[in-house]
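Residue numbers (our numbering), protein chains in the order written: chain C, 1 to 312; chain G, 313 to 529; chain D, 530 to 1113; chain F, 1114 to 1218.
Glycine residues also receive a C-beta, built at the ideal position from the N, C-alpha and C atoms.
See below for the structure under consideration.
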Amino acid sequence: MGRLFDFMLPEAKSPTADSTDALFHFINEASLVLLLGITFALIYFAIRYRRKSEDDKTPVITHNNTLEVTWSVIPLLITFVIFGWGYTGWLNLKSVPDNAYEIQVNGYKWGWNVKYENGARTLNEIHVPEGRPIKIVLSSSDVLHSFFVPDYRIKHDVVPGRYTYVWFEAEETGESQIFCTEYCGTKHSDMLAKVIVHTEEDFQTWLEQNGGGLEGTPVEQGEQLISLQGCTTCHSVDGSQGIGPSFKGIWGKEENLADGSTVTVDENYIRESILNPGAKVVKGYGNVMTPYEGRISDEEITNIIEYLKTLK
Amino acid sequence: MANHSHAHPTHLQHHFVDSDQQFEASKMGMWVFIVNEILFFGGLFCAYIVFRAWYPELFTMAAKELSTVWGAVNTVVLIGSSLTVAMAIRSAQKNQKRGIEINLLITIALACVFLLIKYFEYTHKFHLGIFPGESLYTYEGIDHPLAHVFFSIYYMMTGIHALHIIVGIGLMIWIYIRARRNEFSSEYYTPVEITGLYWHLVDVIWIFLFPLLYLIE
Amino acid sequence: MATAEVSTQKTLKVQRFKPSDNPTNTFLTDEKGVWAWMTTVDHKKIGIMYLVSVAIFFAVGGALAILLRTELLTPAKTFIEADTYNQLFTLHGAIMVFFVLVPSIPAALGNFIMPMQLGAKDVAFPKLNLASFYIYVLGAIFTFIALAKNGLDTGWTFYTPYSTQSTSSVIWITMGVFILGFSSILTGTNFITTIHKMRAPGITWSKLPLNVWALYATSIIQVLATPVLAITVLLLTMEKWLGFGIFDPAIGGDPVLFQHFFWFYSHPAVYIMIVPGFGIISEVISTFSKKTVFGYWAIALSSLAIAFIGFLVWGHHMFTSGQSAVATTVFSFLTFLVGIPTGIKIFNWVTTLYKGSIKMDTPMLYVFIFLFLFSIGGFTGIMLGALSVNIHLHDTYYVVAHFHYVMMGGTLIALLAGLHYWWPKMTGKMYNETLAKISAVLIFVGFNVTFLPQFVMGAQGMPRRYYNYVDQFTSFHQTSTIGSYILGVGFLIILYYLMQSLFKGAKSPANPWNSRGLEWQATSPPDFHNFDHTPVIIHGPYDYHQPMEEFQLGLAVDTNGHDPESAKEIIDEERDQWKNYSLG
Amino acid sequence: MSEHNHHEHHVSTAGQLWAVGIALTILTGLTVGLAFVEIPAPFDIIVALTIAFGKAFLVAAFFMNLYWDTKFNSMLLVGALAFFILMVAITLLDTLYRVEVVPSF
């Protein structure tokens, strides 16, 4: 259905968008009518009643209660309609269908960790089946973030220490952009992710292939872990400059710390820097990393260390 | 009568028409400032109420660390000082210069007593390791993970209140000096009156702080 | 009231005081020299000092905006680093809100004009007024210290826990804001008392200029809301410094509670910024259409209604924050209620033009620009108040565009209207009308080119506070950047012709616009005491059907008469006498 | 008072002031005493706050002279309290009614 303000909205890809879009168009169109009315009146009066001489006499019109009541009550009624409409649409956004498929998303500086029911994990990609309501349970490991998918018209802040949620139902296969919309620091604008919509069968296959944890030698697992955990967002593996020190050649290196002392990069230093990054910060870098205490197992740390040893 | 009000008394500032306008304006200005103060402390009370509604057990447990007796003594001390300030204004209205001075001195003394008691309360807590803020707080006598939050609120409320007491003492010393210089009379005692209003406000705030912090069972 | 029972016995004798077009003695010639300015308690000089400070801060904030827009020319890095960008947008917001918009109209123009509109010699507490200015300066110093140290990267909203974890100079800035808050509080206290106690004979509440009503409503908000900001930033400072555990979830606090505290001030604060603008619009629209303002009481009382309801809607900044569903519903409902009084104002202003004698001088041109831009700001505000739509639009460029339409298209345009309207009164000089109109048109065009595309890209999904952006938004961003340059040029032209007018401008008569307002019945620029007599008011400030002579009355003898009601009575009795005098 | 032109400022008698001071002290004693009596949960704080408001009223009305002052100053005080209550009430609408979402796996 073609509406005047269609150009403003991205194509809707979830039933959660329907009510929102209808209201968006209604308010825009009603506003346009009023705005044109006001503008027309302004221009008409300015021309019709322009000053002809400095001695112009104007009539004394002080007030008109009928008019005042009219232009108070009519807008009031319109806004009541808008309120009710917005409220019902919003209730729908909050009411997750019972059969919704649940996925956990953890926001951190700066990326999204995604966890599925069978233990599969992805970074900055949410794989979902089409035609099924999806509930995203949101948590944060550091500061406030906000989970926003324009195509589905959903958004919710991700609050540390609490769980929040959004839901949607992808109508067709394809990809939709995810943004972080609560300012969270240096790479806030790079905290992007994608919803990847599969057919039901493709999704099940994908889930099976990725479920059951990581496979391979410790070094191979470590390599996968540093991207899954989002380490590579800030620490490069090729020696290029990032938010944190590069992993290339880090093993066994003497690092100068911010407090003036030095430390040799060994197992204990790496372990401490993952669990409590603020303890020993390398000179020239900020203390901005999220502590991974409670979010990573000892075995995973060992695997990461094994991998780092190979990055000469 | 009419001549009198036409004469320009020394205390009358140039932009006012007469003493009455000046007095009423000053007093109203002080009341508007009191509105500020209420909302200023209001923010703290709001934090208090929100956290008390969330963690009632924390407040019951933590309040046991506060001394009801000394809190009550301080309440009476402040009530006494409010009384003497009111008496000072009355003395000014009745042209009793000695009365203003004596009552102000008693008020200042009582305010100092209040601060002294507060000082001992604070140092006792510091001694136990009850400091404001999670990073300094070391006391382990309260079995609640958020014990430091109660004391953050406690220190903030009583600390800002104590700051107001200190400002009040300064104001009253200033008023006292002016009273010594014979600046006040039944014709002009605006500074005494508005300082008094301020002091009563400080009293009223304590009247609420006392049961909310000390008397939780 | 006490004075009422007193003055009934007095006889008021009035006579006409026609303001001289060539005053020999003005507040500018009275006390000269830097020291005299710095220690003055004259509300007019203090107003001008505020105006200069605000202009400087606006230039800084504007320059930051130009840098930001330039960086956004390309989707990736254009010329500055991400961290620098984050600092720049934080500073742009903080400076524009705390140092420009909040003090702009009340403290600068309001300080100058309001006591004159009341026929008073000064505000109630002139020394306090000067103190407010220096507190403002002190707040600015703290801010500059913060910049010199580590800057600020939290956004002007200081959301926890980002702000408590940030390594930038948050504490210096929050202390700066704390101090600045007291400047605002004291100005508000001063104005409320002044409006109540300092009115000249005859100025009843129903003859109060709408500008004064607007400043009254503003002062009420300042007095009630600003202390909460003070306590909020104090708690935030403590949270960061000692770890209080009230706002930071890592140590037991609640970040959403911080947002409540913050917006309890910062939402009413947007009314602190816009309501004084409403006052200016009412004044200008009446003068340049030579007509009584339509619906005086509707406009006056709607300011108070906005001040009141404006306190109850702060949670509409938090619809996606995780606040409870009950709170969200209530806040959304109340948000629509605050839209109504604003709409009433716009309708009344437009109706005022009906059958007027409309002269499109620069101030009036700005009023028309205001009515158009602010209407858009208002309608998009309704859009953002609707719950479901808000979920989609929150924290996108749609919001950025909305508040720029309200704050810049509203407050700043109103400020420009007021500045051009009162410039002759303040300086005694006329500015170049042609250049003024050219720059007004440039600003109108530049503004829309800058911010209209932001509505579209916001609705498309472009989040705010983004250093990089996805390619699909490139053309919108580039258009917006070009618009910002046009805006910049517009403001530079204003700076040029206003400075030029100071040195080479034609001399302004006492009342160049033939306004009935009391401030125009003083000389331009006014005398040190504003009027060399005590003005007496018998007509409303917009009674254009009454002869000009009847707006130039003052007490014939110096008495203490200060009562509105009795003045009117007595003046009516003596009407014939002075009428002969003045017309003869 | 010979000054007809002046607003009559109320002058409290020493007895009035002392009476208020004593009443305040008694109320303080009362609230402390009641704190040691076991009053069930919501009522203990209601009683304590009622007494506190009573004391605040005495101070405002008689020490701060609101009882004899222009009504506008009382209005300022009541207005400030009203806005404080609004602030708290609306904040509580959020903090008391949050729903916890706990993930199922």
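Step through the CB atoms of chain D and report whether any lies within less than 9 angstroms of the CB of residue i.
i                : result
Y1210 of chain F : yes
A279 of chain C  : no
N1203 of chain F : Checking the sequence shown, residue 1203 of chain F turns out to be Ile, not Asn. Closer than 9 angstroms to some Cβ of chain D, the Cβ of I1203 of chain F qualifies, so yes.
E413 of chain G  : no
A193 of chain C  : no
F1176 of chain F : no
F168 of chain C  : no
N92 of chain C   : yes
Taking DSSP as the reference, what is the three-state secondary structure of residue i?
i                : result
P133 of chain C  : strand
Y800 of chain D  : helix
S140 of chain C  : strand
G782 of chain D  : coil
L1179 of chain F : coil
R50 of chain C   : strand
F371 of chain G  : helix
E349 of chain G  : helix
C180 of chain C  : strand
T322 of chain G  : coil
W167 of chain C  : strand
G111 of chain C  : strand
Q224 of chain C  : helix
Y825 of chain D  : helix
Using a beta-carbon distance below 9 angstroms, is residue i in contact with chain G?
i                : result
F790 of chain D  : yes
T761 of chain D  : yes
N877 of chain D  : no
L681 of chain D  : no
K1101 of chain F : The question about residue 1101 of chain F has no answer here: the residues shown for chain F are numbered 1114 through 1218.
N719 of chain D  : yes
Compare the C-beta of residue i against all C-beta atoms of chain C and say whether one is closer than 9 angstroms.
i                : result
L916 of chain D  : yes
F984 of chain D  : yes
D1092 of chain D : Low confidence applies here, because D1092 of chain D scores a pLDDT of 49, under 50, leaving its location unreliable; read the following figure in that light. No - not a single Cβ of chain C is within 9 angstroms of the one on D1092 of chain D.
F1005 of chain D : no
Pick out whichever of the options has its Cα sitting closest to the Cα of residue i.
i                : options                            : result
T88 of chain C   : D:R993, D:T619 and D:T857          : D:T857
P892 of chain D  : D:L1082, D:F587, D:W952 and D:Y665 : D:W952
M847 of chain D  : D:V785, D:F865, D:I724 and D:Y883  : D:V785
P277 of chain C  : C:D142, C:Y165 and C:K253          : C:D142
D455 of chain G  : G:R364, G:Y360, G:S331 and G:K376  : G:K376
V158 of chain C  : C:F80, C:V281, C:C184 and C:P75    : C:C184
Y1073 of chain D : D:I814, D:G680, D:F932 and D:I1011 : D:I814
V807 of chain D  : D:S831, D:G975 and D:Y926          : For the record, residue 807 of chain D in the displayed sequence is Phe; it is not Val. Nearest of D:S831, D:G975 and D:Y926 to F807 of chain D, Cα basis: D:S831.
L764 of chain D  : G:L525, G:E505 and G:C358          : G:C358
L902 of chain D  : D:V918, D:I972 and D:V563          : D:I972
Determine, using beta carbons only, whether residue i comes closer than 9 angstroms to chain F.
i               : result
H512 of chain G : yes
K736 of chain D : no
V362 of chain G : yes
V785 of chain D : yes
- Message: Just to confirm the assignment: which complete beta strand (DSSP E) runs, minimum length 3, are found wholly within the region 912-940 of chain D?
- Response: none
- Query: Are three or more beta carbon pairs between the region 1054-1068 of chain D and the region 556-563 of chain D nearer than 8 angstroms?
  - Reply: As far as the Cβ criterion goes, the region 1054-1068 of chain D touches the region 556-563 of chain D, which means the pair count is three or higher.
- Message: If contact is defined by three or more beta carbon pairs under 8 angstroms, each pair taking one atom from either stretch, is the region 628-641 of chain D in contact with the region 577-584 of chain D?
- Response: yes
- Do the region 146-154 of chain C and the region 177-197 of chain C meet, that is, are 3 or more Cβ pairs less than 8 angstroms apart? yes
- Task: Any chance you could list the beta strand (DSSP E) runs of at least 3 consecutive residues sitting entirely within the region 642-695 of chain D, in chain order?
- Result: Unbroken beta strand (DSSP E) stretches of 3 residues or longer found wholly inside the region 642-695 of chain D: none.
- Is there contact here, the region 432-445 of chain G with the region 462-474 of chain G, by at least three beta-carbon pairs under 8 angstroms? yes
- Between the region 678-691 of chain D and the region 699-713 of chain D, do three or more beta carbon pairs fall short of 8 angstroms? yes
- Message: Using a Cβ distance threshold of 8 angstroms, determine whether the region 393-413 of chain G contacts the region 1139-1150 of chain F, with at least three qualifying pairs required.
- Response: no
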